[in-house]
Amino acid sequence: MIVKQLGRVDYAATLEAMRAFTEARGPDTPDELWLCEFAPVYTQGLAGKADHVLNPAGIPIVQTNRGGQVTYHGPGQVVAYPLVDLQRLGIYVREYVFRLEAAVIQTLEQFGVTGHRVSGAPGIYVRLNDSGAHAALTGPADPGDPFRGLGKIAALGIKVSRHCTYHGVALNVAMDLQPFYGINPCGYAGLATVDLATLGVFTDWPTVAQRFAERLAAQLTR
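Note that our numbering has the sequence shown beginning at 153, numbered continuously upward.
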(Lines of atoms letter the chains of each structure in order from A and count residues from 1; the text may use other names and numbers.)
(Lines give C-alpha, C1' and ligand atoms only; values in the text may rest on other atoms or scores of the structure.)
Protein backbone atom coordinates (compact mmCIF):
# COMPACT_ATOMS: atom_id res chain seq x y z
CA MET A 1 0.00 0.00 0.00
CA ILE A 2 1.27 3.44 -0.96
CA VAL A 3 0.76 5.93 1.88
CA LYS A 4 0.44 9.60 0.93
CA GLN A 5 0.51 12.34 3.55
CA LEU A 6 -1.36 15.12 1.73
CA GLY A 7 -1.56 17.59 4.62
CA ARG A 8 -4.09 20.44 4.40
CA VAL A 9 -5.96 20.16 1.10
CA ASP A 10 -9.18 21.35 -0.53
CA TYR A 11 -12.12 19.03 0.11
CA ALA A 12 -13.83 19.28 -3.28
CA ALA A 13 -10.56 18.80 -5.17
CA THR A 14 -9.66 15.79 -3.04
CA LEU A 15 -13.09 14.24 -3.58
CA GLU A 16 -12.69 14.60 -7.34
CA ALA A 17 -9.16 13.16 -7.20
CA MET A 18 -10.40 10.09 -5.29
CA ARG A 19 -13.19 9.53 -7.77
CA ALA A 20 -10.85 9.90 -10.74
CA PHE A 21 -8.26 7.55 -9.22
CA THR A 22 -10.92 4.91 -8.59
CA GLU A 23 -12.42 5.18 -12.08
CA ALA A 24 -9.01 4.95 -13.76
CA ARG A 25 -7.50 2.12 -11.71
CA GLY A 26 -7.04 -1.35 -13.12
CA PRO A 27 -6.57 -4.80 -11.56
CA ASP A 28 -2.84 -4.17 -10.99
CA THR A 29 -3.10 -0.61 -9.64
CA PRO A 30 -1.49 -0.51 -6.19
CA ASP A 31 -3.77 0.40 -3.30
CA GLU A 32 -3.19 3.81 -1.75
CA LEU A 33 -3.94 5.46 1.58
CA TRP A 34 -4.39 9.23 1.61
CA LEU A 35 -4.14 11.15 4.88
CA CYS A 36 -5.34 14.73 4.91
CA GLU A 37 -6.85 17.62 6.82
CA PHE A 38 -9.49 20.08 5.65
CA ALA A 39 -10.66 23.61 6.25
CA PRO A 40 -14.12 23.66 7.88
CA VAL A 41 -16.71 21.85 5.72
CA TYR A 42 -19.90 19.88 6.24
CA THR A 43 -20.25 16.84 3.99
CA GLN A 44 -23.59 15.24 3.30
CA GLY A 45 -23.90 11.54 2.46
CA LEU A 46 -26.26 9.91 -0.01
CA ALA A 47 -28.82 9.25 2.73
CA GLY A 48 -28.37 12.72 4.19
CA LYS A 49 -31.44 14.73 5.16
CA ALA A 50 -31.41 18.51 4.94
CA ASP A 51 -33.05 18.87 8.36
CA HIS A 52 -29.99 17.32 10.03
CA VAL A 53 -28.15 20.55 9.22
CA LEU A 54 -29.33 22.82 12.03
CA ASN A 55 -27.17 25.93 11.72
CA PRO A 56 -24.25 25.84 9.28
CA ALA A 57 -23.12 29.33 10.36
CA GLY A 58 -21.43 29.99 7.03
CA ILE A 59 -19.59 26.67 6.82
CA PRO A 60 -19.98 25.25 3.29
CA ILE A 61 -22.06 22.10 2.78
CA VAL A 62 -20.86 19.67 0.11
CA GLN A 63 -23.05 16.88 -1.24
CA THR A 64 -21.06 13.66 -1.68
CA ASN A 65 -21.60 10.13 -2.96
CA ARG A 66 -20.51 8.34 0.22
CA GLY A 67 -22.85 6.48 2.52
CA GLY A 68 -24.23 7.96 5.69
CA GLN A 69 -25.54 11.30 6.86
CA VAL A 70 -23.97 14.68 7.51
CA THR A 71 -20.63 15.10 9.26
CA TYR A 72 -18.06 17.83 9.82
CA HIS A 73 -14.43 18.01 8.77
CA GLY A 74 -12.05 20.65 10.08
CA PRO A 75 -8.52 21.44 11.23
CA GLY A 76 -7.20 19.09 13.89
CA GLN A 77 -8.87 16.01 12.41
CA VAL A 78 -7.02 13.18 10.63
CA VAL A 79 -9.04 12.12 7.60
CA ALA A 80 -7.95 8.81 6.09
CA TYR A 81 -9.03 7.72 2.62
CA PRO A 82 -8.12 4.09 1.84
CA LEU A 83 -8.29 3.46 -1.92
CA VAL A 84 -8.46 -0.33 -1.77
CA ASP A 85 -9.41 -3.12 -4.16
CA LEU A 86 -11.60 -5.30 -1.94
CA GLN A 87 -11.74 -8.12 -4.47
CA ARG A 88 -7.96 -8.36 -4.54
CA LEU A 89 -7.85 -8.14 -0.75
CA GLY A 90 -10.40 -10.94 -0.57
CA ILE A 91 -12.95 -9.26 1.71
CA TYR A 92 -16.45 -7.84 1.48
CA VAL A 93 -17.78 -4.46 2.59
CA ARG A 94 -18.85 -5.56 6.07
CA GLU A 95 -15.37 -6.91 6.82
CA TYR A 96 -13.83 -3.75 5.36
CA VAL A 97 -15.85 -1.54 7.73
CA PHE A 98 -14.88 -3.81 10.66
CA ARG A 99 -11.21 -3.40 9.77
CA LEU A 100 -11.46 0.38 9.49
CA GLU A 101 -13.02 0.50 12.93
CA ALA A 102 -10.37 -1.90 14.28
CA ALA A 103 -7.63 0.43 13.03
CA VAL A 104 -9.24 3.34 14.91
CA ILE A 105 -9.54 1.27 18.09
CA GLN A 106 -5.89 0.16 17.83
CA THR A 107 -4.73 3.73 17.25
CA LEU A 108 -6.67 5.02 20.26
CA GLU A 109 -5.15 2.28 22.42
CA GLN A 110 -1.72 3.78 21.81
CA PHE A 111 -2.94 6.96 23.52
CA GLY A 112 -4.61 5.20 26.46
CA VAL A 113 -8.13 5.57 25.08
CA THR A 114 -10.57 2.67 24.66
CA GLY A 115 -12.75 2.84 21.56
CA HIS A 116 -16.11 1.10 21.32
CA ARG A 117 -18.45 0.04 18.53
CA VAL A 118 -22.18 0.72 18.81
CA SER A 119 -24.42 -1.70 16.91
CA GLY A 120 -26.07 -0.09 13.91
CA ALA A 121 -24.10 3.15 14.23
CA PRO A 122 -20.81 2.97 12.28
CA GLY A 123 -17.85 4.79 13.76
CA ILE A 124 -16.05 4.62 17.09
CA TYR A 125 -17.25 5.93 20.44
CA VAL A 126 -15.66 6.51 23.87
CA ARG A 127 -16.98 6.61 27.42
CA LEU A 128 -17.16 10.24 28.46
CA ASN A 129 -16.69 9.55 32.17
CA ASP A 130 -13.75 7.15 31.77
CA SER A 131 -12.25 7.05 28.30
CA GLY A 132 -9.59 4.53 29.29
CA ALA A 133 -11.94 1.93 30.78
CA HIS A 134 -11.48 -1.45 29.15
CA ALA A 135 -14.84 -2.97 30.08
CA ALA A 136 -17.04 -3.64 27.09
CA LEU A 137 -20.33 -1.83 26.65
CA THR A 138 -23.04 -4.03 28.13
CA GLY A 139 -26.79 -4.23 28.13
CA PRO A 140 -29.30 -2.90 25.61
CA ALA A 141 -29.03 0.72 24.60
CA ASP A 142 -31.49 3.18 26.11
CA PRO A 143 -34.12 3.59 23.35
CA GLY A 144 -34.58 7.20 24.37
CA ASP A 145 -30.85 7.95 24.29
CA PRO A 146 -28.80 5.16 22.62
CA PHE A 147 -25.56 7.10 23.09
CA ARG A 148 -26.00 7.93 26.77
CA GLY A 149 -22.58 8.42 28.35
CA LEU A 150 -20.79 8.13 25.01
CA GLY A 151 -19.06 10.53 22.66
CA LYS A 152 -18.15 9.92 19.04
CA ILE A 153 -14.46 10.28 18.24
CA ALA A 154 -14.32 8.82 14.72
CA ALA A 155 -16.85 8.97 11.88
CA LEU A 156 -16.99 6.57 8.95
CA GLY A 157 -18.51 6.86 5.49
CA ILE A 158 -17.46 4.91 2.40
CA LYS A 159 -18.14 4.46 -1.28
CA VAL A 160 -17.47 1.25 -3.23
CA SER A 161 -17.25 1.25 -7.02
CA ARG A 162 -16.32 -1.91 -8.96
CA HIS A 163 -15.09 -3.49 -5.70
CA CYS A 164 -12.83 -0.48 -5.04
CA THR A 165 -13.23 1.84 -2.05
CA TYR A 166 -12.94 5.54 -1.52
CA HIS A 167 -13.98 8.07 1.12
CA GLY A 168 -13.12 6.63 4.54
CA VAL A 169 -12.78 7.57 8.19
CA ALA A 170 -12.12 10.73 10.21
CA LEU A 171 -10.43 10.66 13.62
CA ASN A 172 -10.72 13.73 15.86
CA VAL A 173 -7.42 14.86 17.39
CA ALA A 174 -7.57 18.48 18.57
CA MET A 175 -10.42 20.41 16.97
CA ASP A 176 -12.80 23.27 17.45
CA LEU A 177 -15.80 21.05 18.20
CA GLN A 178 -18.36 23.86 18.06
CA PRO A 179 -19.37 23.18 14.41
CA PHE A 180 -20.65 19.74 15.42
CA TYR A 181 -23.41 21.56 17.31
CA GLY A 182 -24.58 22.96 13.97
CA ILE A 183 -25.66 19.50 12.80
CA ASN A 184 -27.09 16.23 14.03
CA PRO A 185 -23.79 14.34 13.71
CA CYS A 186 -24.22 11.35 11.41
CA GLY A 187 -27.97 11.91 11.69
CA TYR A 188 -28.22 11.52 15.48
CA ALA A 189 -29.72 14.45 17.37
CA GLY A 190 -27.77 15.36 20.47
CA LEU A 191 -24.88 12.98 19.82
CA ALA A 192 -21.80 14.27 21.66
CA THR A 193 -18.63 14.55 19.60
CA VAL A 194 -15.20 14.51 21.23
CA ASP A 195 -11.55 14.58 20.29
CA LEU A 196 -8.38 13.34 21.93
CA ALA A 197 -7.72 16.77 23.44
CA THR A 198 -11.14 16.72 25.16
CA LEU A 199 -10.13 13.39 26.73
CA GLY A 200 -6.89 14.85 28.07
CA VAL A 201 -4.62 13.42 25.37
CA PHE A 202 -2.34 16.13 24.06
CA THR A 203 -0.59 15.13 20.86
CA ASP A 204 -0.32 16.50 17.35
CA TRP A 205 -1.74 15.77 13.91
CA PRO A 206 1.45 14.25 12.39
CA THR A 207 1.88 11.80 15.28
CA VAL A 208 -1.70 10.55 15.11
CA ALA A 209 -1.66 10.45 11.31
CA GLN A 210 1.46 8.28 11.26
CA ARG A 211 0.16 5.83 13.86
CA PHE A 212 -3.26 5.68 12.22
CA ALA A 213 -1.67 5.03 8.82
CA GLU A 214 0.37 2.16 10.27
CA ARG A 215 -2.71 0.50 11.73
CA LEU A 216 -4.79 1.00 8.58
CA ALA A 217 -2.03 -0.39 6.37
CA ALA A 218 -1.74 -3.43 8.61
CA GLN A 219 -5.49 -4.03 8.46
CA LEU A 220 -5.77 -3.53 4.70
CA THR A 221 -2.73 -5.40 3.38
CA ARG A 222 -2.82 -9.12 2.72
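Glycine included, each C-beta is placed from N, C-alpha and C at the ideal position.
Query, Result
"Nearest candidate by alpha-carbon position, reference V222, set I257, G197, G272, S283", "G197"
"Nonlocal neighbours in the same chain, by C-beta distance under 6 Å from L158, ignoring five residues either side", "W186, C188"
"Y244 (DSSP reduced to helix, strand or coil)", "coil"
"L252 in three-state terms, based on DSSP", "helix"
"Simplified DSSP state of Y163, which is helix, strand or coil", "helix"
"Candidates E184, V278, L348, E168, of which the one nearest L372 by Cα", "E184"
"Terminal residues of the beta strand (DSSP E) in which R177 lies", "Neither: R177 is in no beta strand (DSSP E) and is coded neither H nor E."
"Which listed residue (T216, T259, L323) has its alpha carbon closest to that of G275", "L323"
"Rounded distance between the beta-carbons of C338 and G220, thought under 8 Å", "6 Å"
"Chain D within 8 Å of I211, Cβ atoms only", "This model lacks chain D altogether, as it is built from one protein chain only."
"Y248 to L238 span [Cα, whole Å]", "8 Å"
"Cβ neighbours of E261 in the same chain (closer than 8 Å, five flanking residues each side left out)", "G267"
"Contact set for F331: own chain, Cβ-Cβ below 8 Å, skip 5 residues either direction", "Checking the sequence, you will find Pro at residue 331 rather than Phe. Hits under 8 Å: P192, Y194, A209, I211, Y224, G226."
"Local conformation of Y340 per DSSP, three classes", "coil"
"H315 - DSSP class collapsed to helix/strand/coil", "coil"
"Status (buried if at least 16 other CB within 10 Å, exposed otherwise) for P234", "buried"
"Closest by C-alpha distance to A169, when choosing among L348, H319, L206", "H319"
"Whether V325 touches V230 by CB criterion (8 Å)", "yes"
"Beta-carbon proximity check, T355 vs F250, cutoff 8 Å", "no"
"Other residues of its chain near G334: CB distance less than 8 Å, five sequence neighbours each side excluded", "Y194, V205, L206, N207, P208, A209, I211, Y224"
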